[in-house]
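To start, the structure under review is shown below, and the notes come after it.
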Amino acid sequence: MASDAAPAALGISGAGDDWAEACTPLRRNLQLLAPDEVELAKLLLNEGQSHLFEHWLEPGVDDDKKRSFFDQVRRLNSSYPGGLASYIQNARKLLADSKAGKNPYDGFTPSVPSGEILTFGDDNFVSLEESGVKEARHAAFVLVAGGLGERLGYKGIKVALPRETTTGKCFLQHYIESILALQDASCKLAEDKCHTKIPFVIMTSDDTNALTINLLESNSYFGMEPSQVNILKQEKVACLSDNDARLALDPNDKYKIQTKPHGHGDVHALLYSSGLLEQWKSTDRKWVLFFQDTNGLLFNAIPSALGVSATKGYNVNSLAVPRKAKEAIGGITKLTHVDGRTMVINVEYNQLDPLLRATGHPDGDANCETFYSPYPGNINQLILELGPYIEELKKTHGAISEFVNPKYTDSTKTTFKSSTRLECMMQDYPKTLPPSAKVGFTLMDTWLAYAPVKNNPEDAAKVPKGNPYHSATSGEMAIYKANSLILRKAGAQIADPVIDTFNGQEVEVWPRITWSPRWGLVFKDVKGKVHGNSSVSQRSALVINGKNIAVEGLSLDGTLIVNAIDEAEVEVTGHVENKGWTIQHVDHKDTSEKEEIRIRGFKFDKVEQLELNYTEPGQHSTKA
Ligand SMILES: O=c1ccn([C@@H]2O[C@H](COP(=O)(O)OP(=O)(O)O[C@H]3O[C@H](CO)[C@H](O)[C@H](O)[C@H]3O)[C@@H](O)[C@H]2O)c(=O)[nH]1
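Just so it is clear: in the sequence shown, position 616 is 615 by numbering that gives the first Met the number 0, and no numbers are missing.
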């Protein structure tokens, strides 16, 4: 039997075979181990992990499994900055802090930071959008999409979900089309010849990698050149079964260490080790934009936020929206330490309340007189300036401050309900920055910039009234609302919404208006393409799919779809009336419907529509 004694007491010397003396099952199997596996075994014993070998039988039994055990240990060791020994040591420390109830923000006082507050459509916004588009050819985009989406409970990958079901285009298609539209628009503004291809990185995990690649390949990368896209797969990290950071074995396979995701913070170490950052620097990149898997409104906010980064010279710019107290998004907070240090950082939603209570705010995470939390809500869209980012990563190699969140069985905090692991978040990157770093945020209206799809219908229906649902239902309806409000601001008459309830969630139903990113990348584009006295009724759906489509005194009451190639200049005018598409309720438990539909709680009955297709170059005026 392996001893439970601490490594020091085992007298592990590392010389000869003595080091394995205290772990008989391992010692008996040493002959099977390659030299590097011997080193890994020593590392494990040194770190108090002899229990991992406790059940190993004599050589000849399960040898393949023993080899694959070491393959896994090798992977775990090489994918963590500092290796597995560091992981276990960090875990021991964080678990001890957690047991002691240590507050990670000890000594810090929170206050509301200052940042840029933008108003959609005003002169400042339009001019920032222009600066942002100009800068976009120096940008690289990074999508973190390794998460399982456990809260949503959807079986596929989240980026394959339709962003809205009027066109059915999935999130990934929308993101790629938006990046390509930025690329084109930015190149047009360049004085010299510009052939830039904006790089696009997707971080996947074992849970999402194959499906993400398959989605890209089976759709010809949605029009992006495959060489523009880099997939970086994050590895999971070892689970921990107790406060001594003993690694947990997989309950279904005793030759496997149980693993769980380490969090989106892995993206920094992966980018660093990929060599892409240096490559980007040498090709005149200045900005790295990070974003998450299901925010269908995000690209409404990118141009102006990039404009803020460029004009304010922010090293780190976090996109934010007004936050409702207790909403599951972190609060951007200025923290001032008793020793005078300050930093502007995301305080995660589960930590904001205890931090506030501990620092003289008895109500904790509460709304103020604006009916919002005074702390801007972090939507985890970060814009980092590449040069300073590389310099910082040279020091840290991308390691991000970690945390552990064990669920204890009782107040003695000695055992866990289930294994835990260390985690890290990409927005914690600024924690190691020097005080001279320029860290800020850009706040925009929620309707414009933020509508994630995270919660399953049952949980969404339980969200306190007035707080956002963050569901497939609200995510889709938010797109129609945003597009309707943008068109209104551009001068069109868009009918008011009606209120309806889908999957137990009361939402505003606006006319179903969508357009391709090439049509309305920034507000100025939209304004330049909508003229006259155009109007859209509440029951209407309007799909604008093409670059040069002008809406000129159109009156729509029904469904109109306009598709045009870039070389066709189309003017859509006149009165369109048809039976259109009606909205039908779908129960989320109705398994006769596809999961993508069930989770949003509605589908369209496509009764009648007018579809106009322009496939020839030239000018086309259509009295629709
Ligand atoms: O190991 C992981 C875990 C997650 N993700 C990705 O990270 C993103 C964010 O994951 P979640 O949606 O689960 O994140 P949370 O809702 O827990 O919270 C995050 O997103 C919120 C806004 O949507 C707030 O900004 C919050 O502060 C931030 O931590 C997703 O694209 C997900 O695919 C990974 O790539 N790897």
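Glycine is no exception: its CB is placed at the ideal position from the N, C-alpha and C atoms.
Residues of its chain near residue i, where Cβ-Cβ distance is below 6 Å and the 5 sequence neighbours each way are ignored
| i | result |
| --- | --- |
| I582 | F601 |
| F603 | W580 |
| V438 | V315, V343 and P429 |
| F298 | S177 |
| K488 | G120 |
| D292 | A144, K157 and V158 |
| T413 | none |
| F68 | Y254 |
| D495 | none |
| P516 | E176, S177 and A180 |
| G531 | E551 and G552 |
Any chain B beta carbon closer than 9 Å to residue i
| i | result |
| --- | --- |
| Q278 | Within the model displayed, chain B is absent; a lone protein chain is all it includes. |
Close beta carbons around residue i, own chain, < 7 Å, minus the five adjacent residues each side
| i | result |
| --- | --- |
| A5 | Because the pLDDT at A5 is just 39, under 50, the model does not fix this residue reliably, and the value given afterwards should be weighed accordingly. Contacts found: G47. |
| T258 | K235, V236, A237 and C238 |
| D352 | G363 and D364 |
| H587 | P456, N502, R597, I598 and G600 |
| R340 | P434 |
| T207 | A144, G145 and I156 |
| K187 | none |
| A189 | R136 |
| H336 | G106 and F107 |
| T166 | T513 and V542 |
| G13 | Reliability fails at G13, whose pLDDT of 42 lies under 50, so the model's placement of it is uncertain and the value that follows must be treated cautiously. Contacts found: K41. |
For residue i, three-class secondary structure by DSSP
| i | result |
| --- | --- |
| D499 | strand |
| L215 | helix |
| E401 | strand |
| T23 | helix |
| N349 | helix |
| G66 | Correcting the residue type first, residue 66 is Arg in the shown sequence and not Gly. If DSSP states are grouped into helix, strand and coil, R66 belongs with the helices. |
| W279 | helix |
| E163 | coil |
| K333 | strand |
| Q48 | coil |
| W518 | coil |
| K187 | helix |
| F199 | strand |
| V525 | helix |
| P58 | coil |
| F370 | coil |
| Y407 | strand |
| V585 | coil |
| E128 | helix |
| K394 | helix |
| S12 | For S12, the pLDDT reaches just 39, beneath the cut-off of 50, and the residue's location in the model is therefore unreliable, although a value from the coordinates is still provided. In this structure, S12 counts as coil in the three-state DSSP scheme. |
| S204 | coil |
| H173 | helix |
Pair within 9 Å by beta-carbon distance, residue i and residue j
| i | j | result |
| --- | --- | --- |
| G508 | I498 | With the sequence shown as reference, residue 508 is identified as Val, and Gly is not the correct amino acid for it. Their beta carbons are under 9 Å apart, which means V508 touches I498 by this criterion. |
| E326 | N123 | no |
| Y468 | N454 | yes |
| T358 | P198 | no |
| A319 | G131 | no |
| V575 | G552 | no |
| V506 | S473 | yes |
| P24 | F52 | yes |
| E224 | K196 | yes |
| L486 | S410 | no |
| A567 | N544 | no |
| W628 | K65 | Absent from the model: residue 628. The displayed extent of the chain is 0 to 623, so no value can be given. |
| W446 | L296 | yes |
| K104 | L334 | A small fix is needed here, since residue 104 is Tyr in this sequence, not Lys. Going by C-beta atoms, Y104 is nearer than 9 Å to L334. |
| A19 | L31 | no |
| E384 | Y313 | yes |
| N379 | I301 | no |
| Y388 | T332 | no |
| M202 | V141 | yes |
Same chain, Cβ closer than 8 Å to residue i, neighbours up to 5 away in sequence not counted
| i | result |
| --- | --- |
| Y407 | T413, T414, F415 and K416 |
| A95 | N242 |
| L214 | I156, V158, A159, C169 and L171 |
In chain order, each beta strand (DSSP E) run of at least 3 residues that lies wholly inside the stretch 224 to 256:
The DSSP assignment places complete beta strand (DSSP E) segments of no fewer than 3 residues inside the stretch 224 to 256 at 228 to 232, 239 to 241 and 252 to 256, in order along the chain.
Segments of 3+ residues assigned as beta strand (DSSP E) that fall wholly inside the stretch 418 to 497
Whole beta strand (DSSP E) segments, 3+ residues: 421 to 423 and 438 to 442.
Within the stretch 588 to 620, ranges of the alpha helix (DSSP H) (whole runs, at least 4 residues)
Those alpha helix (DSSP H) runs which fall completely within the stretch 588 to 620 and span 4+ residues are 594 to 597.
As an exercise, report each continuous beta strand (DSSP E) stretch of at least 3 residues that is fully enclosed by the stretch 536 to 561, in chain order.
Counting whole runs of 3 or more residues, the stretch 536 to 561 contains the beta strand (DSSP E) stretches 540 to 544 and 548 to 556.
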